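Q: Structure below; questions to follow.
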Amino acid sequence: MQFSRPPIFSSLTLVATLAIGVGSATAQPSSITLREALVRAEQGNPDLAAQGLSTRAIEALKEQARLRPNPILGVELENFVGTGPNQGFDGAVATIQVSQTLERGDKRTQRVVLADARSEVARRAWTLQLMQLRYDTAMAYVETLITARNITLAQSVLDVSSDAAATIEDAVIAGRQSAAESARARATVVRAQVALNKAQSEHEKRRWSLALLWGEPQTEFSVANRLPPIATLPDRSRILTKIDAHARLDLQQSEITRRRVALDLQHATAKSEVKITGGVRFMNDGSDAAFVAGVSWPLALRNSNQGNIKSAREELAAAEQSVAGIRNDLHHAFANTWQDLTAAHSAAQTLRRDALPAIDEMVTITRQAHEQGQVPFIDVINATRERLELEHDILKAEADYARALVQLDTLTDPSLPLTHDLLASP
């Protein structure tokens, strides 16, 4: 049985071209690169700004730590409103004195060192939050790229389905197809339109989430980079050497320093403070006066700050023990991420290298067979749809690769060199 070539076939050729990956022609008001998105996030993220203010507040405590105890002015009145010669104020004795606490154990120096250590912890915490922000921004940017590609594929599926429905409708009118085929084709168009709407909605959500990272959700923009085909895997051994410089380990080391200094301060606090007093005592008639002086210090018979010292020592030990746990977490995350990266790389490479040429050959053969009247037009439509499904599978693998690459960068280098190189690829 011979099948005629429908007039709609020329438009199908254009649809097949679109399916290969031509981007959307919809113009956006502006476009930004990943580097620009990272700069915007660092400058405009409200959480990072709040963390920066908290860091400055902690640094201000260093000024307080340098201050010595204030002197105390005291006034004492004795021998008044009593009985006998002490009735009224005739026998009153007034003493004006100043007392000063002298800190022993180098407490002031230890307070300053502890304040510096706390400031360093705050700075490291800010750096870790900045790294997390860069990860969130890069991941949101990649997700925006992925959803933009999904819109292109969904639009291609809709175009192919619409052409197929029109062609089948013509065949029904000519009596070459049943009305059931036309109904099925119309349902396919509706499903393709729903899928496109969903892809567009998901893209808007991702774009909105990206803009929220720099506090401007109403900004109209598009992403300037593209998600290219995957080339070669990065050098595993080279990037693995960077993991010991992770911000989490830096933060923990600064926390260890802070707790060690806090322990030193608790040891210094165990040394009693000396209080010296000096002043002048005025007798009842105001004509006689004498100097008074004194010194006092507590006797550490029961409280030698031993509880605080023990607590500080245990906290230091806990912080030191946590380093190994953090390092294990980082290496475990690296191993999992590397497996995800290699699996996605293998899938994308295999699909592009083996499956894509095979399905392109199948589409070409089917099209030639239809032109020769050997197969119906619906076979050409189905072949084109299969190619679009393969494009979607390739996109999924490349998207998984890009996500894993962002994660790998975050574990090894917060400047995200691997992600920048991927998105800058031609």
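Numbering (the numbering used here), first residue to last: 75 to 500. For glycine and all other residues, C-beta sits at the position ideal for the given N, C-alpha and C. Keep in mind the model is a prediction, meaning the values are calculated, not measured.
Does the beta-carbon distance from A115 to W288 come in below 8 angstroms?
A: Here residue 115 refers to the residue found at position 41 when the sequence shown is read from its first residue. Here residue 288 refers to the residue found at position 214 when the sequence shown is read from its first residue. Going by C-beta atoms, A115 is nearer than 8 angstroms to W288.
Q: In this structure, does DSSP put R427 in helix, strand or coil?
A: Here residue 427 corresponds to residue number 353 of the sequence shown, with the count starting at 1. In this structure, R427 counts as helix in the three-state DSSP scheme.
Q: Hey, F356 and A168 are a contact pair by Cβ (cut 8 angstroms); roughly how many whole angstroms apart?
A: On the sequence shown, position 282 is the one that residue 356 refers to. On the sequence shown, position 94 is the one that residue 168 refers to. Going by Cβ atoms, the distance from F356 to A168 rounds to 5 angstroms, so yes, they are a contact pair.
Q: By Cβ distance, which residues of its chain are closer than 6 angstroms to A473, with the 5 residues on each side in sequence left out?
A: The residue you call residue 473 lines up with position 399 of the sequence shown. Correct list, in chain order: I220.
Q: Can you tell me where the beta strand (DSSP E) with V354 in it begins and where it stops?
A: Here the question's residue 354 lines up with position 280 in the sequence shown. Note, V354: beta strand (DSSP E), V348 to F356.
Q: Pop quiz: A336 and N379 are said to be a contact at Cβ under 8 angstroms. What is the actual Cβ separation, rounded to whole angstroms?
A: By one-based count along the sequence shown, residue 336 stands at place 262. By one-based count along the sequence shown, residue 379 stands at place 305. Contact doesn't hold; Cβ gap of about 12 angstroms is too wide.
Q: Is it buried or exposed for L490, if we count other Cβ within 10 angstroms and need 16 for buried?
A: Your numbering for residue 490 matches position 416 in the sequence shown. Result: buried.
Q: Cβ of D403 versus every heavy atom of the ligand GDP: is any distance shorter than 7 angstroms?
A: No copy of the ligand GDP occurs in the structure displayed, which carries no ligand at all.
Q: Going by the beta-carbon positions, is the gap between A253 and V264 smaller than 8 angstroms?
A: Locating residue 253 in the sequence shown gives position 179, counting from the first residue. Locating residue 264 in the sequence shown gives position 190, counting from the first residue. Going by C-beta atoms, A253 is not nearer than 8 angstroms to V264.
Q: Have a look at H341, R208, R333 and Q442 and flag the residue whose alpha-carbon is nearest the alpha-carbon of A391.
A: Working through the sequence shown from its first residue, we reach residue 391 at position 317. Measuring from the Cα of A391, the nearest candidate turns out to be R333.
Q: Looking at the structure shown, is S499 part of a helix, part of a strand, or coil, going by DSSP?
A: Within the sequence shown, the letter at position 425 stands for residue 499. In the structure shown, S499 sits in coil (DSSP, three-state: anything other than H, G, I, E or B).
Q: Quick check on V335 - is its C-beta less than 8 angstroms from some C-beta in chain B?
A: The structure shown contains no chain B; it is built from a single protein chain.
Q: On the CB-based measure, 16 or more other CB atoms within 10 Å of its CB, does R477 come out buried or exposed?
A: Mapped onto the sequence shown, residue 477 falls at position 403. With 16 or more Cβ atoms within 10 Å of its Cβ, R477 is classed as buried.
Q: State the DSSP-derived secondary structure class of L307, mapped to helix, strand or coil.
A: Within the sequence shown, residue 307 is the residue found at index 233, counting from 1. Correct three-state label for L307: coil.
Q: Leaving out five residues before and five after A212 in sequence, what residues of the same chain have Cβ atoms less than 6 angstroms from its Cβ?
A: Sequence index remark: in the sequence shown, residue 212 carries index 138 (1-based). Taken in chain order, the residues that qualify are V480, L490 and T493.
Q: According to the Cβ coordinates, are Q423 and I304 closer than 8 angstroms?
A: Locating residue 423 in the sequence shown gives position 349, counting from the first residue. Locating residue 304 in the sequence shown gives position 230, counting from the first residue. Yes; because the gap between Cβ atoms is below 8 angstroms, this pair is in contact.
Q: Since P291 and A298 are thought to touch, with beta carbons under 8 angstroms apart, how far apart are those beta carbons, to the nearest angstrom?
A: Here residue 291 refers to the residue found at position 217 of the sequence shown. Here residue 298 refers to the residue found at position 224 of the sequence shown. Actually they do not touch by this definition, with Cβ atoms about 19 angstroms apart.
Q: Under three-state DSSP, which class holds L301?
A: Position 227 of the sequence shown, counted from the first residue, corresponds to residue 301. Coil.
Q: Tell me, which residues are paired with L174 by DSSP?
A: The count along the sequence shown starts at 1 and reaches residue 174 at position 100. Position check: residue 174 holds Gln in this sequence, whereas Leu was assumed. Q174 pairs with I350.
Q: Return the chain-ordered list of same chain residues with a C-beta closer than 8 angstroms to the C-beta of D495, the five sequence neighbours on each side being excluded.
A: Locating residue 495 in the sequence shown gives position 421, where the first residue counts as 1. Answer for D495: no residue qualifies.
Q: Which one of I439, T351 and Q117 has the shortest CA to CA distance from W371?
A: In the sequence shown, counting from the first residue as 1, residue 371 sits at position 297. The shortest C-alpha separation from W371 is found at T351.
Q: Using only the alpha-carbon positions, how far apart do T486 and W412 sit?
A: Here residue 486 refers to the residue found at position 412 of the sequence shown. Here residue 412 refers to the residue found at position 338 of the sequence shown. Rounded to the nearest angstrom, the two C-alpha atoms are 12 angstroms apart.
Q: Would Q206 and Q125 be called neighbours here (beta carbons separated by less than 8 angstroms)?
A: Position 132 of the sequence shown, counting from 1, holds the residue named residue 206. Position 51 of the sequence shown, counting from 1, holds the residue named residue 125. In this structure, Q125 does not lie closer than 8 angstroms to Q206 by Cβ.
Q: Going residue by residue through the stretch 386 to 435, where are the continuous beta strand (DSSP E) segments of at least 3 residues, counting only ones entirely within it?
A: None, since the stretch 386 to 435 contains no complete beta strand (DSSP E) of that length.
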